[in-house]
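Beneath this line is the structure, given in structure tokens, with notes to follow.
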Amino acid sequence: MVSIHLTTFIKAPVERVFDLCRNTTVYKKALEGRSENLSASAGGILVNAGDTITLSAKHLAKTRVITARVMEMTIPEKFVEEQVKGDMKSFRHEHHFKPVENGTLVIDLVEMEEPRDAVGGVLGKLFMKNYFEKLLNKRNALIKLYAESEKWRAVMG
């Protein structure tokens, strides 16, 4: 089992940060220039409880896929995604939002197990944590950039 715990301070109201974190347009922008693709079942640009998010990426000569469902959502405090289909043995991502003086703390808690196949299992143990930390840090930096400026208005529809 691999665990990731990231905390990001964003100088913006919790409601704005929460919505940017569940905004599929922002997440797709965070993936630009990488070999990943994102799709979501959301009816609009914001994912809600029950929606699915699918991330696919080519690693180790194989396209890896995780389809996660938003299992819990308490606006604007928390939402939780869990893998319902995919290459990983398990994947769970909790997004927590805490209003603080002058902004919001975003806390990402991720627990996952390596891919099911033998090669992915061995190499996943070595590279998976670093890969997901980089992806989440890039996404959080983009959310921070949007939330702390007027850019958020352009992606919120």
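Numbering-wise, the sequence shown is residues 186 to 342 according to the numbering used here. The beta-carbon is built from N, C-alpha and C at its ideal position, and this holds for glycine as well.
Strictly by DSSP, which residues pair up with residue i?
| i | result |
| --- | --- |
| Gly271 | Ile251 |
| Gly288 | Val285 |
| Ala197 | The partner list for Ala197 (beta bridge, DSSP) is empty, contrary to what the question assumes. |
| Lys263 | Thr259 and His281 |
| Phe276 | Met297 |
Go ahead and label residue i buried or exposed: buried means 16 or more other beta carbons lie within 10 angstroms of its beta carbon, across all protein chains shown.
| i | result |
| --- | --- |
| His190 | exposed |
| Lys329 | buried |
| Glu262 | exposed |
| Thr289 | buried |
| Ala339 | exposed |
| Asn287 | exposed |
| Glu299 | buried |
Does residue i have its Cβ less than 8 Å from a Cβ in chain C?
| i | result |
| --- | --- |
| Ile230 | Among the chains of the structure shown, chain C does not appear; only one protein chain is present. |
Cβ of residue i within 8 Å of Cβ of residue j?
| i | j | result |
| --- | --- | --- |
| Ile230 | Glu333 | no |
| Val187 | Lys314 | yes |
| Phe148 | Phe203 | Nothing can be reported for residue 148: it is not among the residues displayed for the chain, which extend from 186 to 342. |
| Ser241 | Glu221 | yes |
| Tyr316 | Val211 | no |
| Trp337 | Arg207 | no |
| Arg277 | Val265 | yes |
Taking 8 Å as the threshold, find out whether the region 223–234 comes into contact with the region 245–262 through three or more Cβ pairs. Contact between the region 223–234 and the region 245–262 is present: three or more C-beta pairs spanning the two stretches fall below 8 Å.
Do three or more CB pairs link the region 292–301 to the region 216–223 at distances below 8 Å? As far as the Cβ criterion goes, the region 292–301 does not touch the region 216–223, which means the pair count is below three.
At least three beta-carbon pairs within less than 8 Å, the region 229–238 to the region 311–327: By the Cβ rule, the region 229–238 does not count as touching the region 311–327, because fewer than three pairs are nearer than 8 Å.
What runs of the beta strand (DSSP E), each 3 residues or longer, lie entirely inside the region 204–233? If only complete runs of 3 or more residues are kept, the region 204–233 shows the beta strand (DSSP E) at 221–225, in order along the chain.
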